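Residue numbers (our numbering): 44 to 292. Each residue gets a CB set at the ideal place from its N, CA and C atoms; glycine is no exception. Since the model is a prediction, treat every value here as computed from it, not as a measurement. Comments concern the structure below.
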Ligand code: ADP
Ligand code: MG
């Protein structure tokens, strides 16, 4: 039995590209079954950190335990237990939706029923179309479908609503994520939107220049912020004023 307290336990993660440190000693824990949001502006290191947690990139320093396993020693086993949706869909843009689903599904031993995934993500009308011909909203849905083909315990999503301009499509996506959370799945996602993070994530970690500044539940953060705080800049400005006054915000 897995008695591990956290589903992800990452300590002291450092990643440097050439001489430039991009992730500067990040420590974070994710609880089983939560939706965990990494929030930060463009260039703050969200994608890099997500890719380190997914095992797509190797950290220079630090230690990542996931599902009770060690990221370095058990990379292969872990790969089968996680699903991911990357920011760039270029990998599969030259194939059709059904082909992409079947291709990615063929990599795994454990597989979720494909018809169920297609129904859940309302992809039936698009199965025979090239991914690159679809709108960004539908591409994001395809990417989420691909993240689910191996019925993973943890799903990583890199800015899942980026490029979606239809609020209904975004709501739809979030209701699918909520349904999967009810099944017991854990989500780690990135976003640049404070609003979206507060509304949909259980817990948030704020990333700035490769450093985590705050890890907090959405509920707690909402209590700290004045009503109507909508952007990351407004939030940082508010917290900075309180720090200057010596308050705990
Ligand atoms: P975010 O997802 O928050 O926009 P990224 O993780 O993509 O941030 O990038 C963080 C920083 O690392 C940026 O300054 C970016 O230019 C740099 N970076 C990302 N990937 C690479 C790479 N493969 N080589 C060199 N620099 C990179
Ligand atoms: Mg990114």
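Query                                                                                                                             : Result
Neighbour-count burial assignment, residue 45, 16 or more Cβ in a 10 Å radius                                                     : Any reading at residue 45 is ruled out, since the residue's pLDDT is 46, under 50, leaving its predicted position unreliable.
Secondary structure of residue 275, DSSP reduced to three states                                                                  : helix
Opposing strand residues paired with residue 102 [DSSP bridges]                                                                   : Looking at the DSSP assignment, residue 102 forms no beta bridge with any residue, so it has no partner.
Where residue 196 falls: helix, strand or coil (DSSP)                                                                             : coil
Contact belief for residue 245 with residue 127 at Cβ below 8 Å, rounded distance in angstroms                                    : Wrong, their Cβ atoms sit about 19 Å apart, outside the cutoff.
8 Å CB neighbourhood of residue 83 in its chain, flanking five on each side removed                                               : 89, 233, 235, 249, 250, 251 and 275
Bridge partners - residue 246, DSSP secondary structure assignment                                                                : 79 and 260
Residues with C-beta closer than 6 Å to any heavy atom of the ligand ADP, in chain order                                          : 60, 65, 83, 85, 86, 87, 88, 89, 90 and 91
Inter-residue CB distance, residue 41 and residue 96 (contact presumed, cutoff 8 Å)                                               : Absent from the structure is residue 41, since the part of the chain shown begins at 44 and ends at 292.
For residue 283, three-class secondary structure by DSSP                                                                          : helix
Chain-order list of residues whose beta-carbon lies under 8 Å from that of residue 121 (same chain, five-residue window excluded) : 98, 109, 110, 112 and 114
Segment contact flag, the stretch 46-62 with the stretch 209-217, C-beta cutoff 8 Å, min 3 pairs                                  : no
Within 9 Å, strictly: CB atoms of residue 73 and residue 229                                                                      : yes
Cutoff 6 Å; reference residue 254; Cβ partners in own chain excluding five residues on either side                                : 67
Where the alpha helix (DSSP H) through residue 138 begins and ends                                                                : Element bounds for residue 138: n/a, residue is neither H nor E.
Whole-Å CB distance - residue 198 paired with residue 144, under 8 Å assumed                                                      : That pair is no contact at about 16 Å.
Contact test: residue 179 Cβ vs the ligand MG heavy atom, cutoff 8 Å                                                              : no
Among 103, 189 and 119, the one whose alpha carbon lies nearest that of residue 160                                               : 189
Identity of the residues DSSP links to residue 72 by a beta bridge                                                                : 52
For residue 170, three-class secondary structure by DSSP                                                                          : coil
C-beta contact flag for residue 181 and residue 203 at 9 Å                                                                        : no
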